[in-house]
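In this note's numbering, the protein residues as written are 1 to 135. Quick reminder that beta carbons are idealized off the backbone N, C-alpha and C, glycines included. Note that the coordinates shown come from a computational prediction; the quantities given were computed from them, not determined experimentally. Presented below is the structure to which this report refers.
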């Protein structure tokens, strides 16, 4: 009876180990797919949170509204204050969501400035019609 019990427990541990190894491999594969699906978005990788997830966390209707972001952020931050029985984890997610949206705004502003610079550059290289020379 002791031998049979030992066999059963040994098999259970063996099966559990195999399952854990399979789960670990699946989690690594899923993490690799998540990074690939982020289309190389370095801000998402750096912050650990995507823009769309940040919008959902803060329940924003307009991602470009600073007023709405501030209002929702302050409300959710206070509602999840650990001193008032809230969750520090949720409060941290709220802070990270706000930071990620602010990174998105900075990224969009930089892109717009680069596009303006690119549009202005070809105009300055246009030939002068009166002399035929470039400026």
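Query raised in the report: Just the Cα atoms here: how many angstroms apart are residue 35 and residue 2?
Result: Looking up residue 35 in the chain shown gives position 35. Looking up residue 2 in the chain shown gives position 2. Here residue 35 scores only 49 on pLDDT, less than 50, and its place in the model should not be relied on; the value that follows carries that caveat. Near 49 Å, if we compare the C-alpha coordinates of residue 2 and residue 35.
Requested in this report: Work out the CA separation of residue 76 and residue 67 for me, nearest whole Å.
Outcome: Here residue 67 corresponds to residue number 67 of the chain shown, with the count starting at 1. Here residue 76 corresponds to residue number 76 of the chain shown, with the count starting at 1. Taking the Cα positions, residue 67 is about 14 Å away from residue 76.
**Report entry** From 101, 115, 106 and 31, residue whose alpha carbon lies closest to that of residue 69
**Finding:** In the chain shown, counting from the first residue as 1, residue 69 sits at position 69. With distances taken between Cα atoms, residue 69 lies closest to 101.
Report task. Please state if the CB of residue 54 and the CB of residue 97 are separated by a distance shorter than 9 Å. Result -> What you label residue 97 is simply residue 97 of the chain shown in a count that begins at 1. What you label residue 54 is simply residue 54 of the chain shown in a count that begins at 1. Closer than 9 Å, so yes.
Report task. Whole angstroms is fine: what's the gap from residue 115's alpha carbon to residue 108's? Result -> For the purposes of this step, residue 115 is taken as residue 115 along the chain shown, with counting starting at 1. For the purposes of this step, residue 108 is taken as residue 108 along the chain shown, with counting starting at 1. Approximately 11 Å between the Cα atoms of the pair.
Query raised in the report: On the three-state DSSP scale, how would you describe residue 120?
Result: Within the chain shown, the letter at position 120 stands for residue 120. Three-state result, residue 120: helix.
Query raised in the report: From residue 163 to residue 19, what distance separates their C-alpha atoms?
Result: Outside the shown range of the chain (1 to 135) lies residue 163, about which nothing can therefore be said.
Query raised in the report: Cα-Cα, which of 78, 5, 29 and 105 is closest to residue 92?
Result: Indexing the chain shown from 1 puts residue 92 at position 92. Sorting 78, 5, 29 and 105 by C-alpha distance to the C-alpha of residue 92 places 78 at the top.
**Report entry** Beta-carbon proximity list for residue 136, same chain, < 6 Å, skipping 5 on both sides
**Finding:** Residue 136 is absent from the structure shown; the chain starts at 1 and stops at 135.
Requested in this report: Could you work out which residue in 59, 88 and 80 is closest to residue 72 when comparing CA atoms only?
Outcome: Here residue 72 refers to the residue found at position 72 of the chain shown. Nearest C-alpha to residue 72 among 59, 88 and 80: 59.
Requested in this report: Keeping to the same chain, check which residues put their C-beta closer than 7 Å to that of residue 52; ignore five residues upstream and five downstream.
Outcome: The residue given as residue 52 occupies position 52 in the chain shown. Here the set comprises nothing.
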